[in-house]
Amino acid sequence: METISLLPQSINQGLSRDRTIVFYSLNNNWQYRRPDSLIDPSWGVICFPENFQGVEPEDTWQLRVTNPANYEQWLQLGRDAYRLEKERCSRESTRVVGKIVGNYGSDVVYQDCFTPLTIERFTGKGAGAVYGSPIKVKDGRTPWENLFIAGTDQGYLGIVGAMLSGVTIVNQHLLT
Ligand SMILES: Cc1cc2nc3c(=O)[nH]c(=O)nc-3n(C[C@H](O)[C@H](O)[C@H](O)COP(=O)(O)OP(=O)(O)OC[C@H]3O[C@@H](n4cnc5c(N)ncnc54)[C@H](O)[C@@H]3O)c2cc1C
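Just so you know, the sequence shown maps onto residues 334 to 509 in the working numbering.
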């Protein structure tokens, strides 16, 4: 689940100033797994997508938080419960992340969030799996000798991962 918060420029200070991404876990025993609850706010990724050289500051700035979520549990909620739980989980995520970057919940001027159901609905990715199939094909080979998998399902995640994956497939299979 991702929660996107817009904050006034006046509170952009401290930790958030010189970072673009922070991976966090409040537990020493970190487990990369689907949680048993709607979300697990105790670990996740905090992004500051505007903290890059050349990005002009606007009136507000963005803070994005991604937490692991349980697709099946979101799927079982009725329409009203779904809306309420989105709000509750966003609030909870904001509260926990406030412990790391400084409390910002009361400064949020706009907040939106999406769940695994949103991802599935708008991208067609089964169970809202942002990072594709759990089965990765590391060498990118398929049953067809002239067809290779480049991207998330080769095992490199995210946009940079998809680009790197293309480079490795070219180097491994096409340039040799
Ligand atoms: C909501 C969301 C937010 C994200 N945010 C970030 C982020 O902030 N930073 C980041 O680095 N990554 C982010 N990601 C992850 C990133 O988008 C993916 O890891 C990356 O796009 C994967 O690239 P890909 O080429 O492997 O797959 P995709 O970009 O999914 O491309 C697969 C393509 O194959 C097509 N396709 C599927 N089946 C068929 C078929 N049978 N025949 C023909 N075509 C087919 C699809 O239409 C699609 O165009 C996000 C993903 C989502 C869903």
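Note that CB positions come from ideal geometry on N, CA and C, so glycine has one too.
Annotation for V442: L339, L340, P341, T393 place their beta carbon closer than 7 Å to its own, counting only its chain and skipping 5 residues before and after. With three or more CB-CB distances shorter than 8 Å, the stretch 426–443 counts as touching the stretch 385–402.
Short note on I379: C-beta not closer than 7 Å to any heavy atom of ligand 1. At a threshold of 7 Å, I492 counts as near ligand 1, since its beta carbon sits closer than that to one of the ligand's heavy atoms. Secondary structure of D413 (DSSP, three-state): helix. In chain order, F481, I482, A483, Q487, S498, T501, I502, Q505, H506 place their CB closer than 8 Å to the CB of G473, counting only its own chain and leaving out the 5 sequence neighbours on each side.
Within the same chain, M334, E335 come within 8 Å of F447 by CB-CB distance, once the 5 residues on both sides are set aside. One alpha carbon belongs to Y404, the other to S370, and they sit about 10 Å apart.
In this chain, the beta strand (DSSP E) harbouring R397 covers 393–399.
For the pair I372 and A414, the CB atoms are not nearer than the 8 Å cut-off. If the five residues before and after I452 are omitted, its C-beta is found closer than 7 Å to the C-beta atoms of K458, G461, V463, all from its own chain and listed in chain order. Residue pairing by DSSP places R352 opposite no residue, since no beta bridge is assigned to it.
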